[in-house]
Structure formats: C-alpha cells, structure tokens
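All remarks here apply to the structure that follows.
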Amino acid sequence: MDDTSGCRSSLPQAAGTQGHPATTSIGVGENARVRNSRTPRRADITAVELVGGAEALELELHDHDERWADTYRWHRARIEEALAAVDVEIEHIGSTSVPGLAAKPIVDIVVAVDDITAEEDHLDALLAAGYQLRVREPGHRLVRTPARDVHVHLYERDDPAVGEYLLLRDHLRADADDRALYESTKRALLSQRWDDTNAYADAKTDVILEIKARARAARAQ
Numbered sequence: 005m006d007d008t009s010g011c012r013s014s015l016p017q018a019a020g021t022q023g024h025p026a027t028t029s030i031g032v033g034e035n036a037r038v039r040n041s042r043t044p045r046r047a048d049i050t051a052v053e054l055v056g057g058a059e060a061l062e063l064e065l066h067d068h069d070e071r072w073a074d075t076y077r078w079h080r081a082r083i084e085e086a087l088a089a090v091d092v093e094i095e096h097i098g099s100t101s102v103p104g105l106a107a108k109p110i111v112d113i114v115v116a117v118d119d120i121t122a123e124e125d126h127l128d129a130l131l132a133a134g135y136q137l138r139v140r141e142p143g144h145r146l147v148r149t150p151a152r153d154v155h156v157h158l159y160e161r162d163d164p165a166v167g168e169y170l171l172l173r174d175h176l177r178a179d180a181d182d183r184a185l186y187e188s189t190k191r192a193l194l195s196q197r198w199d200d201t202n203a204y205a206d207a208k209t210d211v212i213l214e215i216k217a218r219a220r221a222a223r224a225q
C-alpha cells in the first residue's frame, strides 16, 4: 500500500484455506450498521497467509487524481451493501485519500469490524461481492479488486493501526509543508532500486515518524 501510516507489511516474499484460494504460510457514523457478530470470539490466526504468491514489484507515483475519491465512494457503497448486516466503519486511507498528494494508483480502504476472527460475517461477504483475498495475517485481512486497483483492509475497530492511518491522513490533508515533504521523499526514493516493497517502506520510516510526531503535537494543541 502507498500508505501514510508508516505500517510496514509483514508479508513474506513467497507464495491456501478452506473456501479461499491457495495461500502460503475510526469512524464515519453514517456507515454504521446494526448487528455485531453473534459468533463467540475465537483465537485469531498466528501465521501470515499470502494468496497467489509473490508478485512483481511495482513502484510508481501518479499526480493526485480527483477520481480516486470517486472510486472510494463507489467501493464504500459496495462494501456497505455487502456488509449491511454487520456493524462496520469505513474510511479512505493512504496517499490517494490526501488531495494534492502524489500516490501509487491504488485506492486503500479500511473497514473496522468488531471481531476480525468472525470471517463469516465480513470476509466471506466481501469475497461474495467480488473482492479477492490477498492476505490473512494476525489482526488483518486484505482483499482487493481483480484489477488490483482497490485494496480493502479489515482490522478490528480498536486496532491501533486504524488510528495511525487516520492520524497521518488527516494531518497530511491539513499541512501543506508535511504533504510536500512526504511527496518529495517518495519521489527521491523511487529513483533508487528496490528489491521488495518492505525495503521501500522501511526507507520512508524516519520521515513518516517525524511527520507523525508533528501530527500528534498539532492534535494536542
């Protein structure tokens, strides 16, 4: 994900579960729904499952495209319909959610649920709606469109990762200087050679932590 969270992917560089393809081992109130899972909470998975194996590394930046917001709204409605019986919160995250910020042309969406392990309530419904499973890992599920241009991240509602995504998104929307700093950092890094996306993500860490520190300070004022 061309994300603004600073969260590094834990995916292995390699290539699945019953009912899923082969694998290897917040909030917006208008989106709230009315039912929590009635399934007793159970232990989450402990291993990372990557569906489809390793893929070619593709790092690119596009100037901000206002159509990304339209894409988010279209998929939010699709997700709301698929999860109509579940209490969820949905947000646009990552660089495509920040007007004026260049980004990899993949729209990232976070869906906050009450119980990540109740996959029959949310994951199965998204798969039935046409999204494809890419990742199952502790605390996180990732589905995407067949075209791979929209990624939908499932987290539990109180997972700190959700707050981190929103903290950076909101700050970069409001602060032109940090927005320019982040973009210039990404452009400089893309001029270098990278063997995998984790190495690229790691290289952004210092700048992201610096920006997040200012975001927290601004929020505290």
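The opening position of the sequence shown corresponds to residue 5 in this note's numbering, with each subsequent residue numbered one higher.
Just so you know, even glycine gets a beta-carbon here, dropped at the ideal spot from N, CA and C.
- prompt: Which stretch, first to last residue, makes up the alpha helix (DSSP H) that contains V166?
  reply: Residue numbering aside, residue 166 sits at position 162 when the sequence shown is read from its first letter. Membership of V166 in the alpha helix (DSSP H) is indicated by the continuous run 164 to 178.
query: From I113, R177, V117, A192, pick the residue whose C-alpha is nearest to that of V102; which is it?
result: Here the question's residue 102 lines up with position 98 in the sequence shown. Considering only alpha carbons, the answer is R177.
field: Residues bridged to Q196 [DSSP beta-bridge criterion]
entry: Indexing the sequence shown from 1 puts residue 196 at position 192. DSSP lists no partner for Q196.
field: Sequence-distant residues of its chain with Cβ nearer than 7 Å to D182 (five each side left out)
entry: The count along the sequence shown starts at 1 and reaches residue 182 at position 178. Cβ neighbours of D182 beyond the five flanking positions: H175, L176, I215, R218.
- request: Tell me whether R71 counts as near the ligand ZN, meaning its Cβ is closer than 7 Å to at least one heavy atom of that ligand.
  value: Although the ligand ZN was asked about, the structure shown includes no ligands whatsoever.
- prompt: Once you ignore the five residues that flank G1 on each side, which residues in its own chain have a CB closer than 7 Å to its CB?
  reply: The shown model of the chain, from 5 to 225, leaves out residue 1, and the question about it has no answer.
Close beta carbons around V139, own chain, < 8 Å, minus the five adjacent residues each side: Residue numbering aside, residue 139 sits at position 135 when the sequence shown is read from its first letter. In the same chain as V139, and ignoring 5 residues on each side of it, the C-beta atoms closer than 8 Å to its own belong to L15, V52, E53, L54, V55, R145, L146, in chain order.
- request: Indicate whether A133 and A89 have their beta-carbon atoms separated by less than 8 Å.
  value: Taking the first residue of the sequence shown as position 1, residue 133 is located at position 129. Taking the first residue of the sequence shown as position 1, residue 89 is located at position 85. For the pair A133 and A89, the CB atoms are not nearer than the 8 Å cut-off.
message: Give me the residue from L171, Q136, D162 with the minimum Cα distance to H155.
response: The residue you call residue 155 lines up with position 151 of the sequence shown. Distances from the alpha-carbon of H155 to those of L171, Q136, D162 put Q136 closest.
- prompt: What number of angstroms, rounded off, separates the C-alpha of G20 from the C-alpha of P142?
  reply: As a position in the sequence shown, residue 20 is number 16, starting the count at 1. As a position in the sequence shown, residue 142 is number 138, starting the count at 1. No answer about G20 holds up, because its pLDDT of 36 lies below 50 and its placement is not dependable.
query: Going by the beta-carbon positions, is the gap between S65 and K190 smaller than 8 Å?
result: For the purposes of this step, residue 65 is identified with residue 61 of the sequence shown, where counting begins at 1. For the purposes of this step, residue 190 is identified with residue 186 of the sequence shown, where counting begins at 1. Correcting the residue identity first, residue 65 is Leu in this sequence and not Ser. It is a contact, given that the beta carbons lie within the stated cut-off.
- prompt: How long is the line joining the alpha carbons of Q225 and L171, rounded to whole angstroms?
  reply: Taking the first residue of the sequence shown as position 1, residue 225 is located at position 221. Taking the first residue of the sequence shown as position 1, residue 171 is located at position 167. Taking the straight line joining both Cα atoms gives about 14 Å.
- request: Please check the pair V92 and V111, which I expect to be a contact at CB under 8 Å, by giving their CB distance rounded to whole angstroms.
  value: In the sequence shown, residue 92 corresponds to position 88, counting from 1. In the sequence shown, residue 111 corresponds to position 107, counting from 1. Contact flag wrong, Cβ pair sits at about 17 Å.
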